[in-house]
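*Asks:* Residue 120 in my numbering sits at position 133 of the sequence shown, and the numbers go up by one each step. Just so you know, even glycine gets a beta-carbon here, dropped at the ideal spot from N, CA and C. Predicted model, so just to flag it, every value in this text is computed and none were measured.
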Amino acid sequence: MLVIVAPGQGAQTPGFLSPWLEIPGFGDRLSAWSEIAGLDLAGFGTTATADEIRDTAVAQPLLVAAALVAQEALGVTPDLVAGHSVGEFAAATIAGALTAEQALTLIRERAQAMAKAAAATATGMTAVLGGVDVLESIEKHGLTPANINGAGQIVAGGTLAQLEAFTADPPQRARLRPLSVAGAFHTEHMEPAVAQLRAAAAGMTPADPAVKLLSNADGALVESGADLLERLIAQVSRPVRWDLCMETMAAQGVTTMIELLPGGTLAGLAKRALTGVRTVALKTPEDLETARTAAKEALQ
């Protein structure tokens, strides 16, 4: 069984789209989607600095567009699809529940709303790798376990002051790594963005997924377009449970995972948490043939 996954914010790196623009039609697709996103997607994916693409209003549309155009280049229909945080919008599109235009319209609003919410208070996120009694320590410092990623990784979100205190008093045997993000996503600090996204989604009617689609909220299979839309709106201020998504992948019998551009993060988690599952991360166009071969074997 094949699962295709789309990465979330923080996966982007300067110039990651450059080699992909050599694929015929790739640049044209980005150009068309740039009109919807209100951004020069190709420009941000090739010549922008790390700080420029760290901006939430840029990073989110860029990541969704990159995942979708890489999926088009791959040309494979999976058995199952999932996305981490903003990647869930790309996953919903691959599943046939949203059109690319709908997804990018919502992401434009989501990104701008979350950037505005992030600017209101000095917040951030820190990855916690390993450790003992991690959730208890996060709660003690008033933080939120914004991403429970499995494989011994939890991301804490909150104010910079809370994170500073957490760093000074970390969980035993844990390694802490501050993340290059603009705010405490998937926490109460993003609550103002929920209303703006809900307003943007008013009148939008997603289709029921044609491909099995997992939800970040609880790892459940999403059956209806209406349920999907509500989950996408609510996830802005609620934790991402990627650990539960991977548990469902295992229960569904996944044997191969392909991570869309810019791949690496989710494949890395799968290598540690999904024993025996083959992983392929799309980083450059040279990875496409390996991914197609892996997909063909998984789908037989």
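(1) Thinking C-beta only, is V115 closer than 8 Å to P158?
(2) Start and end of the alpha helix (DSSP H) containing V267?
(3) Exposed or buried, what is E273 when buried is set at 16 or more other beta-carbons lying within 10 Å of its beta-carbon?
(4) Give the range of the beta strand (DSSP E) segment to which I10 is assigned.
(5) Unbroken beta strand (DSSP E) runs of length 3 or more, entirely within the stretch 237 to 287: which are they?
(6) Tell me the DSSP secondary structure of M191 in three-state form.
(7) Quick one: give me the first and last residue of the beta strand (DSSP E) that V(-8) is part of.
(8) With DSSP collapsed to three states, give me the class of V115.
(9) On the DSSP bridge assignment, give the partners of N134 in chain order.
(10) Going by DSSP, what residues sit across from T110 in a beta bridge?
(11) On a CA-only basis, which of A254, R162 and L219 is nearest A268? Give me that one, please.
(12) If you count every other CB in all the chains shown that lies within 10 Å of the CB of Q(-4), and 16 or more means buried, which is it?
*Replies:* Considering the structure as presented:
(1) yes
(2) Looking at the DSSP string, V267 is not in any alpha helix (DSSP H); the run it does join, the beta strand (DSSP E), is R265 to A268.
(3) exposed
(4) Counting along the chain, I10 falls outside any beta strand (DSSP E), and DSSP gives it neither H nor E.
(5) 243 to 246 and 265 to 268
(6) coil
(7) L(-11) to A(-7)
(8) strand
(9) V142 and V227
(10) T146
(11) A254
(12) buried
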